[in-house]
Amino acid sequence: MLLYLPPGNYSSMNSEILIQNTASYVQQTLQNAEGGHDWWHILRVWNNAKLIARSEPADMLVVELAALLHDIADSKFHDGNEDIGPQTAVAFLQSQSVDADIIMHVENIIRHMSFKSSFDAPGFHSPELAVVQDADRLDAIGAIGIARAFTYGGFKGRELYNPEIEPKLNMSKAEYKAQTAPTINHFYEKLLLLKDKMNTVTAKKLAEARHQYMQNYLEQFYAEWNGLK
0 MLLYLPPGNY
10 SSMNSEILIQ
20 NTASYVQQTL
30 QNAEGGHDWW
40 HILRVWNNAK
50 LIARSEPADM
60 LVVELAALLH
70 DIADSKFHDG
80 NEDIGPQTAV
90 AFLQSQSVDA
100 DIIMHVENII
110 RHMSFKSSFD
120 APGFHSPELA
130 VVQDADRLDA
140 IGAIGIARAF
150 TYGGFKGREL
160 YNPEIEPKLN
170 MSKAEYKAQT
180 APTINHFYEK
190 LLLLKDKMNT
200 VTAKKLAEAR
210 HQYMQNYLEQ
220 FYAEWNGLK
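The letter at position 37 of the sequence shown is residue 36 when you use numbering that gives the first Met the number 0, and the numbering goes up by one with no holes.
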């Protein structure tokens, strides 16, 4: 059952209740979500965000709310609608009587944090966006990133790999959103690019090992594909 908070400044106790309410709402909403974008993804991003934020000049309440709500209605599962996620997050936060400035900040983070948003000219930035964006990107690389990529590829019925289909670099946003290529191509079109897109010192350090893991994986993948190992 959700607890409704009065508007105004949040005490540590009220903030804790708000975060608990938000986590419960997200967990319930995403209980049947695709495996790479489910509650466990949200939980990992939430934990990553809290870790990163400890070393950044960021508002922890905004960070936690944005991390929890960032994939509440991912456009990939809503016919490409990029408004439904932010709108759903705003509606929930309004139901909790959250201050308007906090709601606006969380909405802006959700609208501008995704990889596909990097195709547009920068329209918003804050320390909190940097933290949550890095937390989400960390979950897209390394061992878990590999698992998520193939989970989503299987969900969409895509090939694992096709040597005749080369990765498309320097795509437009529309081309990226319409991409249906084999999952291995996604490494070159997004995953291997994320290490150099991290914003914070903490995320940059964590990304190094995860990036190397993906490179090692691809080397092993091609060796097995070609019967060399």
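Note that beta-carbon positions come from the ideal geometry of N, C-alpha and C, so glycine has one too.
Is it true that the CB of residue j sits closer than 8 angstroms to the CB of residue i?
i    : j    : result
A270 : A72  : With the chain covering only 0 through 228, there is no way to say anything about residue 270.
V61  : A88  : no
A129 : T199 : yes
P181 : Y160 : yes
I41  : D70  : yes
R43  : I143 : yes
D133 : I51  : yes
A230 : L205 : Since the first and last residues shown for the chain are 0 and 228, residue 230 lies out of range.
Can you say whether residue i is buried or exposed, counting buried as having 16 or more other CB atoms within 10 angstroms of its CB?
i    : result
I164 : exposed
N225 : exposed
S113 : buried
P6   : Interpretation of P6 is limited by its pLDDT of 41, a score under 50 that renders its predicted location unreliable; the figure taken from the coordinates is listed afterwards. With fewer than 16 other Cβ atoms within 10 Å, it is exposed.
Y3   : Because Y3 carries a pLDDT of 35, less than 50, the predicted location of this residue cannot be relied on, and no value is offered for it.
E55  : buried
M197 : buried
Tell me the residue span of the alpha helix (DSSP H) that contains residue i.
i    : result
S94  : 83 to 94
Y216 : 200 to 224
P126 : 126 to 137
L50  : 38 to 52
G144 : 141 to 154
Y160 : Note, Y160: premise wrong, no alpha helix (DSSP H); not H, not E.
L67  : 59 to 68
I108 : 99 to 111
When the Cα atoms are used, what is the spatial distance from residue i to residue j?
i    : j    : result
Y187 : K167 : 8 angstroms
T201 : Y212 : 18 angstroms
R209 : S96  : 39 angstroms
D37  : N31  : 7 angstroms
N80  : L227 : 44 angstroms
Y24  : L68  : 9 angstroms
G122 : F76  : 24 angstroms
R110 : R136 : 15 angstroms
E158 : G152 : 7 angstroms
Q27  : E223 : 40 angstroms
L217 : N169 : 21 angstroms
Q93  : Y221 : 50 angstroms
M0   : I16  : Caution applies to M0, whose pLDDT of 32 falls short of 50 and renders its modelled position unreliable; the model cannot decide the point.
I140 : G156 : 21 angstroms
K176 : Q219 : 29 angstroms
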